[in-house]
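Those letters in the sequence shown? Residues 55 to 569, per the working numbering, in order. Glycine included, C-beta positions come from ideal geometry on N, C-alpha and C. Since we're looking at a predicted model, the values are computed, not measured.
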Amino acid sequence: MVFDFTPDPKVLLALTRTPMKPIDALCELIDNAIDSFSVAKVQGIKISNPMVLVTLPTRKQLATGTGIVRIQDNGPGLTPENAEKAIKAGFSGNNPYDTLGLFGMGFNISTGKFGNTTTFITARKESNTYIKTIINLTHINSTKNYQIPAQEIPKGDNEPFNIGANGTIIEISGWWLDGNANKGFINELVKYGDSKIREAIGRRYATILRESAIKIVINDNKCEPFEHCIWDANRYITRRNGIIPAVISVDKIIRSSKRCGRCTAIIQSSESICPSCGASEIRTIDERIWGWVGIQRFDSDTNYGIDLIRNGRAIRIAEQRAFFEYVNEFQELTKDYPIDSQYGRIVGEIHLDFVPVDFMKQDFQRSSDEWNEAMLYLRGNSSLQPNKPGADKNDSPIFKLYQGYRRVRNFGKSDMYMGYWDADSKSAKRISRETEADYYKKFKNKEPGFYDDTEWWKLVESADHPPVAELIECPKCGAQNLKEVDCCNVCGEIFKGKDSKNFFRMSDCLLIAFA
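In structure tokens form, the structure reads like this:
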């Protein structure tokens, strides 16, 4: 007796109901394209000018049920065998360490959430043909048949690939109609607008866009890598414990472990075969935490937190809970930051390439040993508040930064906070949010003095002292006088432009003159 374990075609449709945000679905497909360049590197294939081209439909097209989502890369392409595996639910031909996750379950979920029909096209450079197959979920479900025809089509001038060209194209169409749980999913993405989508992609893939030659282009416009608006690394404040810089660099190998290259199981030093899956691809993995944490030039009630990155892609944007809340052994929660106001300014980028993520890459596996080890190093095993139990033994990077920049009591250099000197109250005041927003706009435009922190720092310094009084010279005797006086304090000369009809001012000047 043999049981047929082939899943019912409804499983594919069920996968499309997996909770997912539209921008995450788009990232899943971009991940696949980026991974193709990693594969090329492993295979020794040189790709000139690697890029990922994304085409999204317009709102007008969506209103008429037309348009496509297209993700195109100029990677090495896939062989017929690997192309078949790539579209199979649950398959991943990628190793779990060095890349973002080639195809697998995420491919089926993300494409299926956008639309009913996915066209998959791929070509190798050395081949004179390209491979094309169409996945129609409604047809598969109605026929109960997983056998999908695939064509090998000659390359040519009027084809997606010319002779000698390579890459992969994924096209999604057939927007879901009323009655389907994913109706309007593509609309949610498009309504963000191209600029907002490029900004989001620029943050998710900031490391890759900064450090490699890969370009991501959305509707013919290139995505720029996100940059945090932080104080320069040479800025610092002084506390009773010493100097605390505005940026703390992190680079620590927690441990090295011998692991299976296929299923990631830990392998004993004496073993050469994985006891879990039987694979012989064994690797030594350095569990390395690297990046930085620092202080943003402005504070915000929402725009702060640490970006957590795996293999160049941000899995968590502006993570706050993991760093600024502490749960003790009795499951009692302490909120550490911000607690003096609702505004925070601690930010950072931390790379955790060794920490496993969930299968949709929306979060790290927070119950894993790797995650717990990383958090122990980064924020310590205590509340960040210095009077809490265990805080005296906490020497983590976040703890150190917190002690220096948790509060903003003084505008100026002592707390590294921008302000101005208010003459009426004879004290420092906070700059306006409008000024802050204007400076940040100039930062994003990379204007000199605003992109670097020169102009920002002037506002920090100006809060510490009242401005130097402006003096004017008496034209008669040459004495120096305050700008606002009406007459010379030495000879009584009435200054031009002053109100000479003011009786009391005139009297003062006459008294000085006859003294």
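Give the straight-line distance between the Cα atoms of residue i and residue j, rounded to the nearest whole angstrom.
i: G345; j: L231; result: 45 Å
i: S479; j: P520; result: 11 Å
i: E281; j: M105; result: 21 Å
i: G332; j: P130; result: 30 Å
i: C277; j: G256; result: 5 Å
i: K415; j: K483; result: 44 Å
i: T72; j: I302; result: 39 Å
i: L132; j: Y494; result: 44 Å
i: G402; j: Q126; result: 31 Å
i: I251; j: F174; result: 24 Å
i: F157; j: R124; result: Reliability of the predicted coordinates at F157 is poor, the pLDDT of 42 falling under 50, and no value is obtained from them.
i: K389; j: Y380; result: 7 Å
i: F413; j: C81; result: 13 Å
i: G218; j: T197; result: 37 Å
i: E325; j: N464; result: 60 Å
i: I320; j: R313; result: 4 Å
i: I226; j: R370; result: 27 Å
i: N357; j: G398; result: 8 Å
i: L110; j: N241; result: 10 Å
i: T120; j: L432; result: 48 Å
i: S323; j: S330; result: 15 Å
i: L243; j: I400; result: 30 Å
i: A260; j: S266; result: 10 Å
i: I360; j: I336; result: 32 Å
i: S468; j: E427; result: 34 Å
i: K245; j: L116; result: 11 Å
Within 10 angstroms of the Cβ of residue i, are there 16 or more other Cβ atoms? Answer buried if so, exposed if not.
i: L387; result: exposed
i: T112; result: exposed
i: F504; result: buried
i: S90; result: buried
i: T318; result: buried
i: S561; result: Because S561 sits at a pLDDT of 46, beneath the cut-off of 50, its placement in the model cannot be relied upon, and the following sentence gives the value as read from the coordinates. The residue is exposed, with fewer than 16 neighbouring Cβ atoms inside 10 Å.
i: N128; result: buried
i: K502; result: Inspection of the sequence shows that residue 502 is occupied by Pro rather than by Lys. Exposed, by the Cβ-count rule.
i: F384; result: exposed
i: S450; result: buried
i: C531; result: exposed
i: I307; result: exposed
i: N103; result: exposed
i: E424; result: buried
i: G210; result: exposed
Considering only C-alpha positions, which residue in the set the options is nearest to residue i?
i: E206; options: D89, K186 and I321; result: K186
i: K167; options: I88, T109, N234 and D394; result: N234
i: G238; options: P76, S326 and I393; result: P76
i: W511; options: A254, N288, K498 and N86; result: N288
i: L69; options: L263, N162 and A300; result: N162
i: K500; options: I262, P279, P299 and T176; result: P279
i: N275; options: I291, L263, D248 and E265; result: D248
i: N220; options: P329, E135 and K100; result: K100
i: L66; options: K95, N170, A491 and C81; result: N170
i: L83; options: I270, E335, E490 and G348; result: I270
i: I485; options: D353, N535, K498 and V544; result: D353
i: A177; options: N216, G228, A428 and R342; result: N216
i: R351; options: D286, N199, G121 and S102; result: D286
i: Y456; options: N295, K306 and Y246; result: N295
i: D394; options: S450, Q439 and Q419; result: Q439
i: N86; options: K209, I224 and E213; result: I224
i: D62; options: T192, D78 and S102; result: T192
i: I47; options: K496, G458, P208 and K447; result: Outside the displayed range of the chain (55 to 569) lies residue 47, so it cannot be described from this structure.
i: G160; options: V108, M74, T118 and N236; result: M74
i: K284; options: R487, D507 and G434; result: The question names Lys, but residue 284 is Ile in the sequence shown. The option with the nearest alpha carbon to I284 is D507.
Leaving out five residues before and five after residue i in sequence, what residues of the same chain have Cβ atoms less than 7 Å from its Cβ?
i: P443; result: S436
i: F549; result: D540 and C541
i: S181; result: none
i: G466; result: G473, A482, V514, A517 and D518
i: E524; result: K537
Please list, in chain order, all residues of the same chain as residue i whose beta carbon is under 8 Å from its beta carbon, the five residues on each side excluded.
i: I202; result: I141, T187, I188, I189 and I194
i: Q97; result: P130
Can you give the beta carbon distance from residue i to residue j, rounded, assuming they're within the 8 Å contact cut?
i: R258; j: A368; result: 5 Å
i: I363; j: H405; result: 5 Å
i: V409; j: S421; result: Not quite, the Cβ-Cβ distance comes to about 11 Å (not below 8 Å), so this is no contact.
i: N365; j: D407; result: 5 Å
i: M26; j: I291; result: Outside the displayed span of the chain (55 to 569) sits residue 26, for which this structure offers no information.
i: S164; j: A79; result: 4 Å
i: I298; j: K139; result: Actually they do not touch by this definition, with Cβ atoms about 52 Å apart.
When the cut-off is 8 Å and only beta carbons count, does residue i lie next to chain D?
i: I404; result: Chain labels in this structure do not include chain D; a single protein chain is all it has.
For residue i, which residues from the same chain have a beta carbon less than 6 Å from its beta carbon, with the 5 sequence-adjacent residues on both sides left out?
i: R309; result: E341
i: I476; result: Residue identity differs from the one stated: residue 476 is Asp in this sequence, not Ile. Hits under 6 Å: K483.
i: P392; result: G398
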